[in-house]
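According to this note's numbering, the residues represented by the sequence shown are -6 to 300, in order. Backbone N, C-alpha and C fix where the C-beta goes; we use that ideal spot for every residue, glycine too. Because the structure is a prediction, the values reported are computed rather than measured. Here's the structure we're looking at; comments come further down.
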Amino acid sequence: MKKVVIATEKPFAAVAVDGIKNILAKAGYETVLLEKYASADEFYQAVADADALIVRSDKLTKEAVNAAPNLKIVVRAGAGYDNLDLAACSAKGIVAMNTPGQNSNAVAELALGMMIYMARNCWEPGTGAELKGKKLGIHAYGNVGKLVAALGKGFGMDVSAFDPFIAPEVMKKDGVTPVTDMTDLYANCQYVSLHIPATDQTKRSIGYDLISLMPKNGTLVNTARKEVIDEDGLLQAMTERNDLKYATDVAPDTLAKIRDCVGARIFATSKKMGAETAEANINAGLAAAQQIVDFFEKGDKKFQVNK
Ligand code: 3PG
């Protein structure tokens, strides 16, 4: 009997776990659940005889891969797979997948929520501002960026996007203005919403040069990855300009230092919560389970991210 381990330090909603178990049981697989684990050792023990693994942001390091000699497939139930050591997986012939698009709506809604929160003085008394009529720049027009654009348009925002990997026609069809120079996006948009993945190319790529370009009352919203921000550059820009704001899911490494200097102009969630909805958990979790079954039963590798 194949053994599938769900290892989630940040658990799925119970209804999603039930759905995953159901799909795997129908295929005749055993499910083992490891939630809220406190150490890498617990993770290693749980995967010791796993044939398949479902994770969220849980780190699948080279050590973890070596601790799972039977592992044939790992599915990151979500979009970003910067938590998986893909080289280590490939070296052991393990197929790594994500579940693109499945939790995007939850993240997109959080991005708009953060814009309103910052525009309304973090719910503190005082005159705020409306999103309507403001320029919204989407940095990377993937599954989440596309949804943020649509929601922004719903709020009456003037939406443009920068993404060198997406044809301008795709954006135009959505009523979004394509921007070919990234600096123009930052220079022209009061709100910029980040949706780039964390890669060697993008880590610390958003810093002083871009953030200081933002127009008056510029608000940067990051529901992507904290690692894409150059925190020193962010602090420098926000110190020089007392109108700039930053909302992020999740907290930067230097939150205390930044907060000391900029106060409530920075908001950070304490635990990444973009995909923390029952709907997103169900969509991503069930997709992960189905992808595992399709892989074992039909050899389907459609969502493989390592080659
Ligand atoms: C993703 O990449 O899918 C999101 O960042 C969600 O991550 P999570 O599953 O850890 O909440």
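Is the CB of residue i under 8 Å away from at least one CB in chain D?
i: Tyr37; result: Although the question refers to chain D, the structure presented lacks it and comprises just one protein chain.
Does the ligand 3PG have even one heavy atom less than 7 Å from the beta-carbon of residue i?
i: Lys294; result: no
i: Glu28; result: no
i: Ala268; result: yes
i: Ala101; result: no
i: Gly73; result: yes
i: Asn215; result: no
i: Asp299; result: In the sequence as displayed, the identity of residue 299 is Asn instead of Asp. Because no heavy atom of the ligand 3PG lies under 7 Å away, the Cβ of Asn299 does not count as near it: no.
i: Ser50; result: yes
i: Asn114; result: no
i: Lys265; result: yes
i: Lys3; result: yes
i: Asn276; result: no
i: Asn96; result: yes
Please determine, among the options, the residue with the shortest C-alpha to C-alpha distance to residue i.
i: Met164; options: Lys139, Gly147 and Phe148; result: Lys139
i: Asp223; options: Lys196, Gly12 and Leu237; result: Lys196
i: Asp275; options: Ala70, Gln38 and Ala41; result: Before going further, note that residue 275 is Ile rather than Asp in the sequence given. Ile275 has its Cα closest to that of Ala70, out of Ala70, Gln38 and Ala41.
i: Gly267; options: Asn215, Glu220 and Gly278; result: Asn215
i: Gly211; options: His188, Ala180, Asp225 and Gln194; result: Ala180
i: Gly86; options: Thr92, Ala99, Asn63 and Leu105; result: Asn63
i: Ile189; options: Gln284, Val100 and Val25; result: Val100
i: Gly126; options: Asp293, Gly147, Gly135 and Asn299; result: Gly147
i: Ala43; options: Ser32, Glu23 and Ala257; result: Glu23
i: Lys3; options: Lys(-5), Ile16, Ala20 and Arg49; result: Arg49
i: Ser205; options: Val68, Thr262 and Lys238; result: Lys238
i: Gly256; options: Gly278, Ser263 and Leu228; result: Leu228
i: Val185; options: Asp151, Lys65, Leu248 and Gly73; result: Asp151
i: Phe158; options: Gly149, His132 and Val141; result: His132
i: Lys29; options: Thr1, Lys55, Lys14 and Leu46; result: Thr1
i: Ala60; options: Val68, Ala72, Tyr110 and Leu46; result: Leu46
i: Val(-2); options: Ala33, Val68 and Thr54; result: Val68
i: Lys209; options: Met231, Tyr74, Asp225 and Asn15; result: Met231
i: Thr173; options: Gln183, Phe155, Lys166 and Ala160; result: Phe155
i: Gln194; options: Val221, Ala39 and Leu279; result: Val221
i: Leu187; options: Pro161, Ala142 and Ile13; result: Ala142
i: Arg258; options: Tyr110, Glu290, Asp78 and Ala271; result: Tyr110
i: Glu290; options: Ala217, Lys65 and Thr262; result: Lys65
i: Asp236; options: Leu213, Ala160 and Pro245; result: Leu213
i: Ala84; options: Thr54, Lys219 and Pro93; result: Thr54
i: Gly12; options: Glu272, Phe288 and Asp78; result: Glu272
Across which residues does DSSP place residue i in a beta bridge pair?
i: Leu64; result: Answer by DSSP bridge pairing: none, since Leu64 is not bridged.
i: Val(-3); result: Thr24 and Ala45
i: Lys128; result: Asp151
i: Gln297; result: Met90
i: Leu53; result: Leu77
Task: Completely contained beta strand (DSSP E) runs for the segment 161 to 232, where each covers 3 or more residues - done: 184 to 187 and 212 to 215
Task: Complete runs of the alpha helix (DSSP H) confined to the segment 67 to 124 [at least 4 residues] - done: 79 to 84 and 97 to 112
Open item on the list: Report the start-end ranges of each beta strand (DSSP E) in the segment 230 to 265 that is 3 residues or longer and not cut off at the edges.
Closed with: 238 to 241 and 259 to 261
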